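Engineer: Just so we're aligned, residue 35 is where the sequence shown starts under the working numbering, counting upward by one.
By construction, the Cβ of each residue, glycine as well, lies at the ideal position given by its N, Cα and C atoms.
These numbers come from a predicted model, not from an experiment.
Quick one: the structure is below, questions incoming.
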Amino acid sequence: MSTATTSDKLPDVPPVNNWRTTDQDEINRRRVRAAKEPMQIRNLTPEHPVFSNFSVASASGQTYHVELRSLTPLVSACTCVDFRVNGLGTCKHVESVLRGLRSDPLALGLAEEWGSARMDLVPDTATGRLMVERNLNLLPSALRGLFDVTGLALPEYSEQEILTAFEKAGRPALRVSQEVAAWNAQRQRNDERVRRRRDYEQQVRSGRYPAQETKLPLLPYQREGMLHLAFTERAMLADEMGLGKTAQAVAAASLLHRMGHVQRVLVIAPASLKAEWEEQVRLFTDLTYLPVFGDRAARKAAYERPAFFTLTNYEQVVRDTTLINAVLKPDCVILDEAQRIKNWDTQTAQAVKKLQSRYAFVLTGTPLENRIDEIYSLMSMLDPQVLGPLFRFNRDFYVLNANGRPEGYKNLQLLRERIQPFLLRRRKADVEKELPDRTDRTVFVAMEPEQRARYAAHEERVARLVAQARARSLSKPESDRLQRELSMMRMLCDTPYILDEACRVCPKLDEVQNVLESALSTPGVKVLVFSEWERMLQLVQARCGQMGVSTAWHTGAVPQQRRRQEIQRFKNEAACRVFLSTDTGGLGLNLQQASVVINCDLPWNPARLEQRVARAWRKHQMRSVTVVNLVTEDSIEARMIETLARKRVLMGGVLDGDAALDEQPIGTGRQAFLRQLVSMVPVPPQASRAVALPSAEALRAVDPELGFAAVLVERLGDALWLCESCRPTSQSRPVLWLVADGDLLSVAACAERVRTDWFGAVDARQVPVLEVVGRAAHEAVTRLLARGVLARAGGETRLLYSRAGGLTQPRLAPESGKAQAQMLRREALLAYRRARQSIAALAFDAAREPLEQAVLLLARAYALHHGLGQPESVRQALADGFSVLWGDARPVLGELLEEGGSPVTVSRALMPKFGV
35 MSTATTSDKL
45 PDVPPVNNWR
55 TTDQDEINRR
65 RVRAAKEPMQ
75 IRNLTPEHPV
85 FSNFSVASAS
95 GQTYHVELRS
105 LTPLVSACTC
115 VDFRVNGLGT
125 CKHVESVLRG
135 LRSDPLALGL
145 AEEWGSARMD
155 LVPDTATGRL
165 MVERNLNLLP
175 SALRGLFDVT
185 GLALPEYSEQ
195 EILTAFEKAG
205 RPALRVSQEV
215 AAWNAQRQRN
225 DERVRRRRDY
235 EQQVRSGRYP
245 AQETKLPLLP
255 YQREGMLHLA
265 FTERAMLADE
275 MGLGKTAQAV
285 AAASLLHRMG
295 HVQRVLVIAP
305 ASLKAEWEEQ
315 VRLFTDLTYL
325 PVFGDRAARK
335 AAYERPAFFT
345 LTNYEQVVRD
355 TTLINAVLKP
365 DCVILDEAQR
375 IKNWDTQTAQ
385 AVKKLQSRYA
395 FVLTGTPLEN
405 RIDEIYSLMS
415 MLDPQVLGPL
425 FRFNRDFYVL
435 NANGRPEGYK
445 NLQLLRERIQ
455 PFLLRRRKAD
465 VEKELPDRTD
475 RTVFVAMEPE
485 QRARYAAHEE
495 RVARLVAQAR
505 ARSLSKPESD
515 RLQRELSMMR
525 MLCDTPYILD
535 EACRVCPKLD
545 EVQNVLESAL
555 STPGVKVLVF
565 SEWERMLQLV
575 QARCGQMGVS
585 TAWHTGAVPQ
595 QRRRQEIQRF
605 KNEAACRVFL
615 STDTGGLGLN
625 LQQASVVINC
635 DLPWNPARLE
645 QRVARAWRKH
655 QMRSVTVVNL
665 VTEDSIEARM
675 IETLARKRVL
685 MGGVLDGDAA
695 LDEQPIGTGR
705 QAFLRQLVSM
715 VPVPPQASRA
725 VALPSAEALR
735 AVDPELGFAA
745 VLVERLGDAL
755 WLCESCRPTS
765 QSRPVLWLVA
775 DGDLLSVAAC
785 AERVRTDWFG
795 AVDARQVPVL
805 EVVGRAAHEA
815 VTRLLARGVL
825 ARAGGETRLL
835 YSRAGGLTQP
845 RLAPESGKAQ
855 AQMLRREALL
865 AYRRARQSIA
875 ALAFDAAREP
885 LEQAVLLLAR
895 AYALHHGLGQ
905 PESVRQALAD
915 GFSVLWGDAR
925 PVLGELLEEG
935 GSPVTVSRAL
945 MPKFGV
């Protein structure tokens, strides 16, 4: 229980990225919010100045009701969701009321000392009965016979009899808690659910209700799903893709309509699936439906029309939440592909959870894709009390390190038990007698030499970036470049054509043709071909054209109406035998006309892969299904298979109870990302041993031309192909030769701005001249030089950067140990500044790595200056040989080696080293 506080001083709270909080920390968070957020408070029964009921209007316009029953300990109630869920006994609205009461310290002090003289009738959740909370001896004699000596209502009296007796007593000191009405309503709903299901089954047995609720009969497992949705009221159906979740939801809504409990249903689905919902509603029921399109006025008109099913998409609901609650007033909300709200803090998730309805059906084949907090978000849509507040969820199911960051999962079986009453999930293996056979085949494809060369260039860049990331945190441009390079490696596993229209090398294309020739030799067989990239599908489409095979085209760039036409053409035209689709076609579509699925590439997520396959391997499929996964050997694709398997284990453990999984380690932040990268893109030994290239700023003093190239790489990215420094003997100023792709005028303008900023303080006679040319011109000059038609003017030419090899190593003169040490110290200062910025933002965990880097770089500079061996770790940097460098700060810096060490203390100890 929380205890009311009379202090105006705001309590300290942990940083938001520290998940290891206590209940008191969470109470303090709410006290801080109460102090900072303006609220209008009104005492609804002024004759009771303290132990009363209050209305609290927040800045958002919402009004909540707070009830105070005791101050020591604090016993209160509030109608907000946070109070109902958090289990703390308080919330920011309660704390705001308490702050207001402190304006009369005398009255508050007396209330704390003497307590409440009221007799509060409250629900007792342990026994499921009403009870008088205190002052039982003050009860009127007419009421005493209703309760035992502990204040608990006697079982022979109903709740209604007790409430009526309290009302008749008419004593001001008697109060029925505001919690009683909600508690009683929930009890009635629970009883009603059981009774309604029993009544429905009796009506079916008697013949008053039909045995099949839909025009097309449901399979036995589908009928079970219908009943689960209808009579759990707020429920999740998480069947694997292809088992007919849409039909089960339509049937459940139809059943509730028959029983008179549901008149209006709001369906929320991805925009591309609205047409699929129209088709399914027509197929299974005669109930009316209306898809919503147009501007706000058109959408409002649609919400006002009395269709049974109102079909919307998520983007519309984000804009129309208030309008839907006020105008449509749905009895039931159906979320299709509900993984769209898996991230609890997104605008979409928050908007959807504001919708008001008694019934809610959450449909998703992938309730857990990457992290267990995705399940938390979905369950909070159904009943936020099941998994509690996020801080308790984190405590219950995450292993947290000393800094409050997650490093593993725990209690996964307990998590499964908590969600089990709301979740129904069947795998295709559970109902395989009702589904055709499925054969999965992985075909490994070798790269062509040209393709391998291009792939190797990107792999080398990733290796360099990973080596840098091991030594220091990557900058935002470097992180973005790493993501681009990884994506380009995956693209090249398909074909260089995705990145370069001039190169149509594609070994996978021959394998696609082999599969198509084999499959299409059987009359009536149709094929789905998936790729993440349209350009890959363009090559497949062209090859199909050469084979005389008609195709349908379905990508995100195709307008919705055209997509509908392409889907119908594939379903209905016998000549259209191949459906080409990006992952927009992997969601929700029924394409069981196809029995062969070709995946030209593997998505990162196993659920997305299954989404593709489930378009064909689903109910009403009449043929065996063959799945062919094309994987480029010795590549990032081949290594992704292990990552996909690991994610499948987590999903199976939480949802299906596979393998008695109860714990699973996870990586945290940067370390996990690096570990995953190294598993998929092995870093060559020479790259892992190399000292990471310093930042551009650190190069300014020792190798300004290379620093200039580093800045250009950050600004231009892949537009920069080559950067060379030339020092012709015929002129004193160096020439920087830039080879670029794309708009050369834009590249030249950018390079000129960088040159002005970078060399602004240099003698004008030493500022390099810029020459910007395209790749074609550069290759022509290179050919002419090779043939002797042109000759270099003499002097030195130095490669600074190439897209294939990245930045070269800094140029340091033989006697430049001092200069290199200076560069290392400059790099250490930059790392120290990053750490200070993290500390200022209260991101203490994020400050640890740059602090470690600063210590290591300072030690390496010291080692260069004194002829010592280069330290390879922080532990070596703090060894006895460096005791002179660190002096009295050495024991404090040793905290970096301790898991619970304070980055703030270490930062202070380093201040003198940087003159701060």
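(1) By how many angstroms is the C-alpha of Leu824 removed from the C-alpha of Val769?
(2) Is the number of C-beta pairs between the segment 486-494 and the segment 301-310 that are closer than 8 Å three or more?
(3) Find the nearest neighbour of Glu403 within the set Thr380, Lys376, Tyr393, judged by alpha-carbon distance.
(4) Determine the DSSP secondary structure at Phe948, reduced to helix, strand or coil.
(5) Roughly how many angstroms lie between the CA atoms of Pro45 and Arg67, to the nearest whole one?
(6) Would Ala27 and Phe564 be called neighbours here (beta carbons separated by less than 9 Å)?
(7) For the segment 753-818, which segments carrying the alpha helix (DSSP H) assignment without a break, of at least 4 residues, lie completely within its bounds, in sequence order?
(8) Can you tell me where the alpha helix (DSSP H) with Phe478 in it begins and where it stops?
(9) Closer than 9 Å, CB to CB, is Val396 near chain B or not?
(10) Going by C-alpha to C-alpha distance, which of Arg495, Leu263, Arg339, Glu310 sits closest to Arg459?
(11) Can you tell me whether DSSP reads Pro251 as helix, strand or coil?
(12) What span of residues does the beta strand (DSSP E) with Leu397 cover, start to end?
(13) Measuring alpha carbon to alpha carbon, tell me which residue in Val47, Glu886, Gly915, Arg498 is nearest Leu898.
(14) Run through the DSSP bridge pairs and tell me what Cys610 is partnered with.
(15) Considering only their Cβ atoms, is the gap separating Ser89 from Arg103 smaller than 9 Å?
(16) Distance, Cα to Cα, Trp771 vs Pro483?
(17) Using a Cβ-Cβ cutoff of less than 7 Å, which residues in the same chain neighbour Ala721 once the five nearest sequence positions on both sides are dropped?
(18) Unbroken beta strand (DSSP E) runs of length 3 or more, entirely within the segment 185-237: which are they?
(19) What's the gap between the Cα of Ala753 and the Cα of His812?
(20) So Cys540 and Leu562 are supposed to be a Cβ contact under 8 Å. How far apart are they, rounded?
(21) Quick check: the Cα distance between Pro364 and Glu371, rounded to an integer number of angstroms?
(22) List the whole-angstrom C-beta distance separating Gly278 from Gln256, where the pair is believed to meet the contact cut-off of C-beta under 8 Å.
(23) Classify Gln952: buried if its beta carbon has 16 or more other beta carbons within 10 angstroms, exposed otherwise.
(24) In the DSSP assignment, what are the bridge partners of Ala101?
(25) Please classify His900 as buried or exposed, where buried requires at least 16 other C-beta atoms within 10 Å of its C-beta.
(26) In whole angstroms, give me the CA-to-CA distance for Leu864 and Ala111.
(27) Just to confirm my understanding: we take Leu416, look at its own chain, exclude 5 residues before and 5 after, and list those with CB closer than 8 Å. What are they?
(28) Assess contact between the segment 640-647 and the segment 325-335, defined as three or more Cβ pairs (one per stretch) separated by less than 8 Å. Is contact present?
(29) Does the distance from the CB of Gly751 to the CB of Arg518 come in under 9 Å?
(30) Rounded to the nearest angstrom, what separates Pro718 and Ala503 at their Cα positions?
(31) Pop quiz: Leu369 and Val386 are said to be a contact at Cβ under 8 Å. What is the actual Cβ separation, rounded to whole angstroms?
(32) Do Cys760 and Val773 have their C-beta atoms closer together than 9 Å?
(33) Under the assumption that Arg961 contacts Trp53 (Cβ atoms under 8 Å), give the Cβ distance between them as a whole number of angstroms.
(34) Of the choices Lys249, Phe742, Thr161, Arg860, whose alpha-carbon is the least far from that of Val803?
(35) Skipping 5 residues on each side, what residues in its chain have a beta carbon closer than 7 Å to that of Met945?
(36) Kindly list the residues whose CB is nearer than 8 Å to the CB of Pro48, restricted to its own chain and excluding five residues on each side of it in sequence; keep chain order.
Structural biologist: With the given structure in hand:
(1) 18 Å
(2) no
(3) Lys376
(4) helix
(5) 11 Å
(6) The structure shown does not extend to residue 27, since the chain is modelled only from 35 through 950, so no value can be given for it.
(7) 778-792
(8) Per DSSP, Phe478 belongs to no alpha helix (DSSP H); it is in the beta strand (DSSP E), 472-479.
(9) Chain labels in this structure do not include chain B; a single protein chain is all it has.
(10) Leu263
(11) coil
(12) 393-397
(13) Gly915
(14) Ser584
(15) no
(16) 29 Å
(17) For Ala721, the predicted structure reports a pLDDT of 41, less than 50, and the residue's modelled location is therefore unreliable. A value from the coordinates is still provided. These residues qualify, in order along the chain: Ala497, Arg498, Ala501.
(18) 208-210
(19) 14 Å
(20) Incorrect: roughly 19 Å between the Cβ atoms, too far for contact.
(21) 19 Å
(22) 5 Å
(23) Here the chain comprises residues numbered 35 to 950, so residue 952 is not present and cannot be evaluated.
(24) Checking the sequence shown, residue 101 turns out to be Glu, not Ala. Answer is Asn87, Ala111.
(25) exposed
(26) 51 Å
(27) Arg268, Ala269, Met270, Ala394, Val396, Phe456
(28) no
(29) yes
(30) Because the pLDDT at Pro718 is just 49, under 50, the model does not fix this residue reliably, and the value given afterwards should be weighed accordingly. Whole-angstrom Cα-Cα distance: 15 Å.
(31) 7 Å
(32) no
(33) The first residue shown for the chain is 35 and the last is 950, placing residue 961 beyond what the model contains.
(34) Phe742
(35) none
(36) Arg54, Thr55, Asp59, Gly438
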